[in-house]
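Enquirer: For the sequence shown, the residue numbers in our numbering are 838 to 907.
I have a structure I would like to understand better, so I am pasting it below and will then ask my questions one at a time.
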Amino acid sequence: MLAAVVTVPAAEVLLIGEVFFRSTKVNELVLKSQVCAEAGISYYLIIDPARAISMATLFELEEGAYVAIA
838 MLAAVVTVPA AEVLLIGEVF FRSTKVNELV LKSQVCAEAG ISYYLIIDPA
888 RAISMATLFE LEEGAYVAIA
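Rendered as structure tokens:
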């Protein structure tokens, strides 16, 4: 059974989360984060499970660009 697709306007999104792998790292860190920043999404969370210890980094949108805050 297919799950229903839910679409939410970017103006209503507070946080986007991404899990990335070596093959998608550049896409997530550059392209997707830029699209989210342009849409005005306040927070961007990335999770890197490829490290010896999985790592999560939280970014906050400041003046049109994401800055790591945690």
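Ideal Cβ positions, reconstructed from N, Cα and C, are used throughout, including at glycine.
Looking at C-alpha atoms only, which residue of Val-850, Ser-860 and Glu-899 is the closest neighbour of Pro-886?
Expert: Ser-860
Enquirer: Which stretch, first to last residue, makes up the alpha helix (DSSP H) that contains Ala-876?
Expert: 870-876
Enquirer: Given this structure, state the Cα-to-Cα distance separating Gly-854 from Asn-864, to the nearest angstrom.
Expert: 14 Å
Enquirer: Within the continuous beta strand (DSSP E) that includes Glu-855, where are the two ends?
Expert: 852-856 is the span of the beta strand (DSSP E), which, as asked, contains Glu-855.
Enquirer: Just tell me which of Ala-874, Ala-902 and Ser-891 has its CA closest to the CA of Ala-847.
Expert: Ala-874
Enquirer: In terms of alpha-carbon separation, which member of Ala-840, Gly-901, Thr-844 and Lys-862 lies closest to Val-872?
Expert: Gly-901
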